[in-house]
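Undergrad: Right, I'll just put the structure down here and ask away after.
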Amino acid sequence: MKHLVSALAGAIAVSMAAAPVLADKLTIATVNNGDMVRMQKLTDDFTAKHPDIELEWVTLEENVLRQRVTTDVATKGGQYDVMTIGTYEVPIWGKKGWLVSLNDLPASYDVGDILPAIRSGLTVDGNLYAAPFYGESSMVMYRTDLMEKAGLEMPEAPTWDFIGKAARAMTDRENEIYGVCLRGKAGWGENAAFLTATANSFGAKWFDMDWQPQFTGEAWKKTLSYYIDLMNDAGPPGASSNGFNENLALFQSGKCGMWIDATVAASFVTNSNDSAVADKVGFALAPDNGLGKRGNWLWAWSLAIPAGTKQAESAKKFVAWATSKEYLELVASKEGWANVPPGTRASLYANPEYAKVPFAKMTLDSINSADPTKPTVDPVPYVGIQFVAIPEFQGIATAVGQQFSAALAGNITVDQALANAQRITERAMKKARYIK
Amino acid sequence: MSRTAIDYHKVLMTGLAWGIGLMIFFPILWTIMTSFKTEADAIASPPLFLGFDWTLENYSEVQERSNYFRHFWNSVVVSFGSTFLGLLIAIPAAWAMAFVPAKRTKDVLMWMLSTKMLPPVGVLIPIYLLFRDTGLLDTLTGLVLVLTLINLPIIIWMLYTYFKEIPGEILEAARMDGATLWAEIAHVLTPMAVPGIASTLLLNVILAWNEAFWTLNLTAAKAAPLTAFIASYSSPEGLFYAKLSAASTMAIAPILIMGWFSQKQLVRGLTFGAVK
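So the sequence lines, in the order shown, correspond to chains A and B.
For the first sequence, the working numbering gives the first residue as 1, with consecutive numbering after it.
For the second sequence, the working numbering gives the first residue as 1, with consecutive numbering after it.
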């Protein structure tokens with residue numbers, strides 16, 4: 001026992017002392033999703049082209065990653081050379097000078113090929129601060145067989161009225177078929193994201209031009225009332241705890257007539273290995289109310305280089321490789337076109353092979369119909385469709401999302417939820433000195 | 001009470017204990033079972049209990065994608081390293097408080113405990129900056145230091161409680177026989193307190209093994225322990241429950257096995273002094 005303890009103590013001491021750092025080792029922080037994991041598996045292609053650069057991966061759950069990279073970039077900790085961040089972080093971090101500009105990427109990279117909506121979300125004052133790895137919007141995914149059974153036909157660009165009518169017609173509670181599955185779980189990236197995008201199509205907004213919160217307006221009341229009535233009539237039980245994954249599981253097991261969520265879900269629900277309804281799925285644009293804005297959002301997981309890195313040049317080489325046209329072709333050659341990271345480059349959608357992928361056109365149309373610089377019917381002082389690109393938004397929207405979730409669960413009324421949301425937001429905005 | 005009544009009571013209590021035990025263990029059992037399912041079976045509704053196709057696919061994928069043994073070794077270094085270092089500081093501290101109490105000893109003990117009441121995120125940025133400036137970010141040395149400091153109040157409190165049970169006269173006798181202070185602590189007190197020290201060690205290894213705030217926030221690639229390994233399989237956008245369960249099972253297995261073999265010591269240590 002004594003020997004074992006000594007051996008263990010010795011080994012621990014050696015481990016703690018060892019730590020030489022290699023000059024060209026890039027540490028890349030990334031999220032855990034199918035496309036990113038695939039990229040890790042394909043990095044031999046990059047290291048073969050750049051034998052002087054070694055890659056080290058830190059893969060984390062989205063919220064953990066966000067906390068870690070935010071701490072690191074804000075303190076210039078220098079732990080990461082490449083970070084995976086979204087369209088929420090880029091405008092804020094770019095403005096603060098926390099990111100390295102990517103304006104000098106080589107001409108062969110063809111920045112002009114990046115979809116304009118995505119590119120504008122990653123550009124601050126004319127500087128591109130992140131390169132999109134994959135882009136997504138939201139759209140309606142629906143069961144073609146249930147729609148037919150209900151005697152309805154899904155238009156390519158449905159209205160919220162049609163969605164409500166179809167959802168109620170498709171609902172068959174006895175057989176556990178629910179007309180519509182929507183996010184209800186509280187969180188700024190969960191129900192608050194969905195309802196913020198939905199509210200845009202109802203003419204609602206988070207703030208007016210003076211940063212005054214707008215939850216007491218008629219448009220927010222219409223949005224929340226519509227959502228809660230619809231979910232009560234045609235949603236699954238316990239919807240207030242359903243997020244993306246829970247709804248995905250419900251849809252894949254054949255329990256949802258429609259699901260309005262991220263376009264990236266299209267590849268999951270049409271994959272016959274996991275989805276029981278793979279061959280019965282149709283797609284349509286996110287609904288609108290005829291006010292000129294649809295309820296779809298825009299997001300792009302993108303690769304950015306923190307200003308604290310000492311290896312910016314090597315990091316740029318990696319970012320250019322991972323977000324290039326050649327990388328898309330590499331994925332297609334190894335795993336097929338359906339597995340190519342979607343939503344970033346116009347050339348991908350011009351490719352006749354990719355056009356055969358069932359959700360390709362609708363994904364592109366959804367992305368093109370989103371404009372993060374003009375997200376609402378009325379003018380607003382912020383950018384972002386399903387979020388407001390200010391640092392305070394995560395905290396505020398999570399608290400507001402909890403109110404919406406409580407209203408969905410029936411614990412409070414729509415009016416109470418909106419009054420609470422108004423109070424929470426006002427207090428936070430006063431504290432942050434946007435308003436007096 | 002008649003014999004039948006006693007038997008009936010015994011059966012009832014045994015049944016109740018088993019019921020509570022199973023209830024506590026069920027989430028772990030479910031995680032282990034899910035790790036052998038396909039992703040489709042993992043989300044099946046109604047949930048599949050035993051009637052599914054058992055597969056090792058998730059384990060092989062996790063092995064292929066991550067360097068489990070590096071994370072495992074980091075966890076071993078961090079949990080045992082911080083516990084040993086903690087004991088080295090805590091044994092003399094607890095000796096002083098138990099056998100040579102001062103006027104403010106109780107206050108000091110309470111103050112130490114109060115440091116546990118602070119939400120860790122409140123000191124994340126200062127600690128992060130200190131680590132950045134001293135080059136301790138993403139190093140095992142840094143993690144050992146921070147976990148030692150975090151668990152030190154618990155180690156001192158536990159040891160203090162055990163030491164209080166040891167009669168001071170024995171130490172006095174050693175002193176009269178000419179033992180130095182160090183000899184008194186090392187050769188008289190420590191051997192007598194081995195059961196208490198052992199259970200303190202075990203409990204703190206478990207606490208350090210499971211610590212998931214500092215170990216996630218102060219590491220990147222090199223010093224990341226098993227908590228980071230689990231976090232790399234969780235995802236709000238994509239169903240990876242079976243793979244996540246496989247990663248969790250691999251992360252908890254070592255500590256579960258250690259806990260199983262040392263449960264006698266643990267129970268003895270945790271209930272020490274509870275019944276007098």
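Ideal Cβ placement from N, Cα and C applies to all residues, glycine included.
For D24 (chain A), which of helix, strand or coil comes out of DSSP?
TA: Three-state result, D24 (chain A): coil.
Undergrad: Could you tell me the distance, in whole angstroms, from the CA atom of R345 (chain A) to the CA atom of A322 (chain A)?
TA: In a straight line, the C-alpha of R345 (chain A) is about 13 Å away from that of A322 (chain A).
Undergrad: Check whether chain B comes within 8 Å of G77 (chain A), counting only Cβ atoms and requiring the distance to be less than that.
TA: At least one chain B Cβ lies under 8 Å of G77 (chain A).
Undergrad: DSSP three-state label for S114 (chain B), please.
TA: Of the three classes helix, strand and coil, the one that applies to S114 (chain B) here is helix, per DSSP.
Undergrad: Helix, strand or coil for R132 (chain B)? Go by DSSP, reduced to three states.
TA: DSSP places R132 (chain B) in helix when its eight states are reduced to three.
Undergrad: Roughly how many angstroms separate the alpha carbons of F261 (chain B) and L149 (chain B), rounded to a whole number?
TA: Whole-angstrom Cα-Cα distance: 27 Å.
Undergrad: From G86 (chain A) to F25 (chain B), what does the alpha carbon distance come to, in whole angstroms?
TA: Roughly 39 Å between the two C-alpha positions.
Undergrad: Mind checking the stretch 280 to 303 of chain A against chain B and listing, in chain order, the residues whose C-beta falls within less than 9 Å of any C-beta there?
TA: Listed by position along the chain: nothing, the set is empty.
Undergrad: At 9 Å on the CB atoms, spell out the chain B contacts of S267 (chain A), in chain order.
TA: Residues of chain B passing the Cβ test: none, with the nearest at roughly 10 Å.
Undergrad: Among A:G410, A:A419, A:I385, which one has its Cα closest to the Cα of Y88 (chain A)?
TA: Of the candidates A:G410, A:A419, A:I385, the one whose C-alpha sits nearest the C-alpha of Y88 (chain A) is A:I385.
Undergrad: In chain order, what residues of the same chain have a beta carbon less than 6 Å from the beta carbon of E39 (chain B), not counting five sequence neighbours either side?
TA: The answer, listed in chain order, is L239, A242.
Undergrad: On the DSSP bridge list, what partners appear for F283 (chain A)?
TA: A:M141.
Undergrad: Quick one: residues in its chain with C-beta nearer than 8 Å to the C-beta of R119 (chain A), no 5 flanking neighbours on either side, listed in chain order?
TA: So the list reads V111, L128, P132, once near-sequence residues are dropped.
Undergrad: Under 8 Å by Cβ, that's how I've got P195 (chain B) and R268 (chain B) pegged, so tell me the actual separation to the nearest angstrom.
TA: Their Cβ separation, rounded to whole angstroms, is 6 Å, which keeps P195 (chain B) and R268 (chain B) in contact under 8 Å.
Undergrad: Report all residues from its chain with a CB closer than 7 Å to the CB of Q212 (chain A); omit the five preceding and five following residues, and keep chain order.
TA: If we look at Q212 (chain A) and ignore the five residues flanking it on each side, its Cβ neighbours are I435.
Undergrad: Run through the DSSP bridge pairs and tell me what Y178 (chain A) is partnered with.
TA: DSSP output for Y178 (chain A) lists A:C256 as bridge partner(s).
Undergrad: Among the candidates B:E64, B:T271, B:M112, B:G15, whose CA atom is the shortest distance from the CA of Y162 (chain B)?
TA: The residue with the shortest Cα to Cα distance from Y162 (chain B) is B:T271.
Undergrad: Report the residue from A:A74, A:V383, A:N247 whose alpha carbon sits nearest the alpha carbon of W93 (chain A).
TA: The residue with the shortest Cα to Cα distance from W93 (chain A) is A:A74.
Undergrad: Between A224 (chain B) and D72 (chain A), what straight-line distance do the alpha-carbon atoms span, to the nearest angstrom?
TA: C-alpha separation (whole angstroms): 15 Å.
Undergrad: Checking contacts by CB at 8 Å: is G178 (chain B) closer than that to chain A?
TA: So no, G178 (chain B) is outside the interface.
Undergrad: Threshold first: 4 residues or longer. Then list the alpha helix (DSSP H) segments lying entirely within the stretch 268 to 328 of chain A, N to C.
TA: Whole alpha helix (DSSP H) segments, 4+ residues: 312 to 322.
Undergrad: Taking V124 (chain A) and T84 (chain A) to be in contact with their CB atoms under 8 Å, please state how far apart those CB atoms are, rounded to whole angstroms.
TA: Not a contact, Cβ separation roughly 18 Å.
Undergrad: Quick one: does A251 (chain A) have its CB under 8 Å from some CB of chain B?
TA: Before going on, a small fix: residue 251 (chain A) reads as Phe here, not Ala. By this cut-off, F251 (chain A) is not an interface position.
Undergrad: For S262 (chain B), which residues in chain A fall below 8 Å Cβ to Cβ?
TA: Correct list: empty, because the minimum Cβ distance to chain A is about 13 Å.
Undergrad: When DSSP labels each residue in this structure, what does M250 (chain B) get in the three-state scheme?
TA: In the structure shown, M250 (chain B) sits in a helix (DSSP, three-state: H, G or I).
Undergrad: What separation, rounded to the nearest whole angstrom, lies between the Cα atoms of V144 (chain B) and L26 (chain A)?
TA: So the alpha carbons of these two residues sit roughly 25 Å apart.
Undergrad: For F240 (chain B), return the contacting residues in chain A, with the cut-off set at a CB-CB distance below 8 Å.
TA: Chain A residues near F240 (chain B): N32.
Undergrad: Which same chain residues, not among the five before or five after W209 (chain B), have their C-beta less than 7 Å away from its C-beta?
TA: For W209 (chain B), where only same-chain residues beyond five positions count, the Cβ hits under 7 Å are S75, S79, I255.
Undergrad: Where L102 (chain A) and T216 (chain A) are concerned, what is the direct C-alpha to C-alpha distance, given to the nearest angstrom?
TA: Near 42 Å, if we compare the C-alpha coordinates of T216 (chain A) and L102 (chain A).
Undergrad: For Y134 (chain A), write down the residues that DSSP places opposite it in a beta bridge.
TA: Y134 (chain A) is bridged to A:W301.
Undergrad: Spatial neighbours of I367 (chain A) within its chain, please: CB distance less than 8 Å, with the 5 preceding and 5 following residues excluded, ordered by chain position.
TA: So the list reads L115, A117, I118, G135, E136, S137, T263, L298, G343, once near-sequence residues are dropped.
Undergrad: If you draw a straight line from the C-alpha of L42 (chain A) to the C-alpha of L56 (chain B), how long is it?
TA: Rounded to the nearest angstrom, the two C-alpha atoms are 24 Å apart.
Undergrad: Roughly how many angstroms lie between the CA atoms of L22 (chain A) and L140 (chain B), to the nearest whole one?
TA: Model confidence at L22 (chain A) stands at a pLDDT of 48, short of 50, so the residue's coordinates are unreliable and nothing is read from them.
Undergrad: Does the Cβ of L408 (chain A) have 16 or more other Cβ atoms within 10 Å, making it buried, or fewer, making it exposed?
TA: Per the 10 Å Cβ criterion, buried.
Undergrad: Where do the N-terminal and C-terminal ends of the alpha helix (DSSP H) with I390 (chain A) fall, by residue?
TA: First-last for I390 (chain A): undefined, no H or E at that position.
Undergrad: Mind checking the stretch 218 to 250 of chain A against chain B and listing, in chain order, the residues whose C-beta falls within less than 7 Å of any C-beta there?
TA: Under the 7 Å Cβ criterion, the stretch 218 to 250 of chain A contributes G243, F244, N245, L248, A249.
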